[in-house]
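Student: Take this structure, written in structure tokens, and hold onto it; I'll ask about it next.
Protein chains: 2
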Amino acid sequence: MTSAHLKFERATEKVSACVSGMRPSAVRNLFAAANRSDIISLAGGMPDVSLLPQSAVRKATKAAWSDEMSVALQYGGTDGRIETRRVFSDLMRDEGIRCKPENIIITSGAQQALDLIGKTFLDPGDIVITEGPTYLGALQAFSAYEPDIRCIPFDEAGMRIDLLEAELERIGKDNPRLKFLYTIPNFQNPGGVTMVPERRKRLIELSKEYNFIVVEDDPYGRLRYDGGHVLPLKALSDDVVYLGTISKVFAPGLRCGWVAAPSGVLSKINLAKQGTDLCGSSFDQVVVEHYFRDTPWQKTLQKFVKTYRTRRDAMLKALDEYFPPEATWTRPEGGFFVWVTLPTYVDTSSMLAEALASGVIYTPGDGFFPDGKRGRNSMRIAFCYESPENIDEAIKRLAAVIEEKLELYRAFIEAGALKEE
Amino acid sequence: MTSAHLKFERATEKVSACVSGMRPSAVRNLFAAANRSDIISLAGGMPDVSLLPQSAVRKATKAAWSDEMSVALQYGGTDGRIETRRVFSDLMRDEGIRCKPENIIITSGAQQALDLIGKTFLDPGDIVITEGPTYLGALQAFSAYEPDIRCIPFDEAGMRIDLLEAELERIGKDNPRLKFLYTIPNFQNPGGVTMVPERRKRLIELSKEYNFIVVEDDPYGRLRYDGGHVLPLKALSDDVVYLGTISKVFAPGLRCGWVAAPSGVLSKINLAKQGTDLCGSSFDQVVVEHYFRDTPWQKTLQKFVKTYRTRRDAMLKALDEYFPPEATWTRPEGGFFVWVTLPTYVDTSSMLAEALASGVIYTPGDGFFPDGKRGRNSMRIAFCYESPENIDEAIKRLAAVIEEKLELYRAFIEAGALKEE
């Protein structure tokens, strides 16, 4: 063993149990390799920040180096700047939520909120309920605290509340291990589905009946392309812990998300946050505040909505046109993602290498489940970032890759070597 | 019990073991109340950002809304922007450290680095060695992972390596519970002391002998007011995990710190970071990069050094002039802090209320120890933020408060009711 190896071994043998259990994602590594200019990516969930007018960004930034420089450059409070929290309070009011700035804590993106919620509530073995599939960043954040994650499937009307009730019956009333339910009710990531009002109402009732906290993650709520606004869970019950972010309505490069919660919960999250980062970026908070105060951001948001709607339409049209009859997919009314389900004999992780060779990438479905076992025949495809022409081309390429897989299996089925699904 | 109380109880009964153990600091609450304009604060460690030229901040910010807008507004990699890491690599080279940009990960201030190091290495009961007293934010960050923290006292030459050796003998060689030693070798927080070269060399030897990681936190290294540069631990051994930050040489409002470490350690920290915040602020990283590339930052740094030197001199002079003979204090060659030790019968926490009434605040010493029991007769006083005139006035006020305490005890001693120390 060389000395370099020895050093590596000595440091890694010191790694904590929770981080030892984390594995670098093979998919992530594949994506890193996939920066050839001829590859069309349906993988990431990056907003198209090129739609932001430079004049608005310049205007929002100005305060940080002029009037408010001394604040923007200095440490801030752990909760974040009150003026920026007021902006977030106003943003929530538009959605039907009444929440005072004092009941908000600013986080470094909603991702930090997920980590802090894990840290604040989870001991190893505690139960968390999520949609299955769900946002892989939430799974990563929670898994550091070694919980027992129970997944509830969704359909086009959101989380299957009947299946949730069955799971809750198994868990039992007032089970001290049951901590919270995490949901993305609007244009779910990765599902694209939206929870209908009656299910939202029932979910709140169940949270009181079974005594669990509801964590509502709402990054896409303002990106609705058809249909009417659905009231957030937080508007139905003030007990809900609501996560917001400016990442999809302004820019994720400024790390600014927030948690709106009852003060008892918030004070605990504040305690957890102090040791985590002291405070978020004052600079970013000043820029964000002035973006929403001094620029015509609603007009820019309409541009986002119009652009993403066109891209979603292009994706759904291409799926209808090119995808084989064995595939099914969701039809999102907003957000960034479509969830595709293929026959169970297709493994989308191994198929990714072939897709990459054909010049298209997507996110395999298994990463959206805590065990990495379910979802192997599904994939998330994002329509947020590429042009309608690229989306059409990407879906065509992907359809050809899938078609090749299916042909092989169809031959097996015809020969009686495989049972039709 | 009212319904509001019930809700609070139900949420707090769900709090994790580690956050349940965290207590809101009484001192913090007192500080929050202490924003009367006639109060002079020696409590905080805030750099004086009013010394930064507006033209430099404007120039650094420009890239974020012009040439590099698309990068500044978008998600970045978990490790951070390579161009900004190159700046940090250059900053370390000035100090005598050779470290490639690839061996750096950018964090949200050095505080996030402390949390990530705790997360990456600590299971409950693992041993961490620190100076005692040490930075309270480090204690907060580590304590979330429930370690057994062993404190080694310092003298004017830094950590007492003889006492470290004795502690290591008690811990034993290759003890799997021993994870890392955390030190602030330059102008320690709160001690103000600097570890001399021979102790640094011996510390590195001991780390290899006893198999522990050395975590070197160096926020103040460039703020030296007398004496010559001392080589960082990282320059003596590439195995050291080095934490840097721009908070004290530029601005803490931009959350930009970094970890320089061997790649085996860095890949584990990266895994821990993914779930914690996805990535840091791209916007801040672009601004920081251009501050160090496009502005005369060394000239500004000299202004910081000159200003803080004058303030340190004012503090040491006032201490010599006003403080009673029973008090001792450190004489820092750089950084922000002086550590004052009073006779053991003085409790600086309870004395803080009297100091506040006299219009001066400081940080009581017990917060800088993991158990909150030691350090009760000490205090940290910061000279970074107030003018020399205010520092003189503050020390005069503080001396009067201490004098009043001491008079009482002197009377007890004279009466034979207390033994002289």
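As given, the protein sequences belong to chains A and B, one line each in that order. Using full-length UniProt numbering, you'd call the opening residue of the first sequence number 1 and step up by one each time. Using full-length UniProt numbering, you'd call the opening residue of the second sequence number 1 and step up by one each time. We treat Cβ as the ideally placed atom computed from N, Cα and C, and that holds for glycine.
How about I129/B and E165/B: do their beta carbons lie closer than 8 angstroms?
Tutor: no
Student: In the DSSP assignment, find the beta strand (DSSP E) that holds G244/B and state where it starts and stops.
Tutor: 241-245
Student: Distance check for R312/B and Y345/B, CA to CA, integer angstroms please.
Tutor: 28 angstroms
Student: Does L271/A get closer than 8 angstroms to chain B when you measure Cβ to Cβ?
Tutor: yes
Student: For the beta strand (DSSP E) containing D366/B, list its first residue and its last residue.
Tutor: Element bounds for D366/B: n/a, residue is neither H nor E.
Student: State yes or no: is the beta carbon of P394/B nearer than 8 angstroms to at least one beta carbon in chain A?
Tutor: Residue 394/B is actually Ala in this sequence, not Pro. Output row for A394/B: interface = no.
Student: Please list the residues of the region 243-275 of chain B that have a C-beta atom closer than 9 angstroms to any C-beta atom in chain A, keeping them in chain order.
Tutor: S247, F250, A251, P252, G253, L254, R255, C256, A261, P262, S263, G264, V265, S267, K268, I269, N270, L271, A272, Q274, G275
Student: Please confirm whether C151/A and P364/A have their CB atoms less than 8 angstroms apart.
Tutor: no
Student: How should A334/B be labelled, buried or exposed, when 16 other C-beta atoms within 10 angstroms of its C-beta is the threshold for buried?
Tutor: In the sequence under discussion, the amino acid at residue 334/B is Gly, which differs from the Ala named in the question. Buried.
Student: Which residue spans inside the region 114-167 of chain A form an unbroken beta strand (DSSP E) run of at least 3?
Tutor: 127-131, 148-152
Student: Within the 8 angstroms Cβ cut-off, does Y385/B reach chain A?
Tutor: no
Student: Would the region 67-84 of chain A count as touching the region 244-262 of chain B if we require 3 or more Cβ pairs under 8 angstroms?
Tutor: yes
Student: Could you give the DSSP three-state label for G257/A: helix, strand or coil?
Tutor: strand
Student: Looking at the unbroken alpha helix (DSSP H) that takes in R86/B, where does it start and where does it end?
Tutor: 82-94
Student: I'd like the span of the beta strand (DSSP E) that includes E216/B, first residue to last.
Tutor: 213-217
Student: Round the Cβ separation of E146/A and V193/A to the nearest angstrom and send it over; I've been treating them as touching at under 8 angstroms.
Tutor: Not really, about 29 angstroms apart at Cβ, beyond 8 angstroms.
Student: Alpha carbon to alpha carbon, how far is A141/B from H5/A? Give it in angstroms, no decimals.
Tutor: Model confidence at H5/A stands at a pLDDT of 44, short of 50, so the residue's coordinates are unreliable; what they give is reported in the following sentence. Cα to Cα, the separation comes out at about 30 angstroms.
Student: For K14/B, return the contacting residues in chain A, with the cut-off set at a CB-CB distance below 7 angstroms.
Tutor: F121, K179, I213
Student: Quick one: what does DSSP say R374/B is sitting in, helix, strand or coil?
Tutor: Coil.
Student: Which chain B residues sit within Cβ distance under 7 angstroms of R58/A?
Tutor: Simply W65.
Student: In chain B, which residues lie less than 7 angstroms from T61/A when you measure between Cβ atoms?
Tutor: T61, A64, W65
Student: Flag this pair as yes or no: are the beta carbons of V241/B and A261/B separated by less than 8 angstroms?
Tutor: yes
Student: Give a yes or no on whether the C-beta atoms belonging to residue 422/B and T276/B are separated by under 8 angstroms.
Tutor: Nothing in the structure corresponds to residue 422/B, since chain B is present only between 1 and 421.
Student: Leaving aside the five residues before and after L114/B along the sequence, list all residues of the same chain whose C-beta is less than 6 angstroms from its C-beta, in chain order.
Tutor: A138, A141
Student: Quick check on the DSSP output: the alpha helix (DSSP H) that includes K268/B runs from which residue to which?
Tutor: Looking at the DSSP string, the run of the alpha helix (DSSP H) that includes K268/B is 263-277.
Student: Whether or not the region 392-405 of chain A and the region 53-64 of chain A are in contact is what I'm after, with contact meaning three or more pairs of Cβ atoms, one per stretch, closer than 8 angstroms; do they touch?
Tutor: no
Student: Cβ atoms of Y322/B and L42/B: under 8 angstroms apart, would you say?
Tutor: no
Student: So with Cβ pairs under 8 angstroms, would you call D162/B a contact of chain A?
Tutor: No, its Cβ sits nowhere closer than 8 angstroms to a Cβ of chain A.
Student: How would you list, in chain order, the residues of chain A whose beta-carbon sits under 7 angstroms from the beta-carbon of V49/B?
Tutor: S70, L73, Q74
Student: Mind listing which residues of the region 131-154 of chain B have their C-beta closer than 9 angstroms to chain A's C-betas, in chain order?
Tutor: G137, A138, L139, Q140, A141, F142, S143, A144, Y145
Student: Give the secondary structure of T344/A by DSSP, where H, G and I count as helix, E and B as strand, and everything else as coil.
Tutor: coil
Student: Since I believe W65/A is in contact with Q54/B (beta carbons under 8 angstroms), could you give me their beta-carbon distance rounded to a whole number of angstroms?
Tutor: Rounded, the Cβ-Cβ distance is 6 angstroms, consistent with contact.
Student: Please list the terminal residues of the continuous alpha helix (DSSP H) segment that includes K208/B.
Tutor: 197-210
Student: Using a cut-off of 9 angstroms between C-beta atoms, extract the partners of A17/A located in chain B.
Tutor: Residues of chain B passing the Cβ test: D123.
Student: Could you tell me whether the region 374-392 of chain B touches the region 336-345 of chain B, where touching means 3 or more Cβ pairs closer than 8 angstroms?
Tutor: yes
Student: Among L271/B, C279/B, S267/B, which one has its Cα closest to the Cα of G257/B?
Tutor: C279/B
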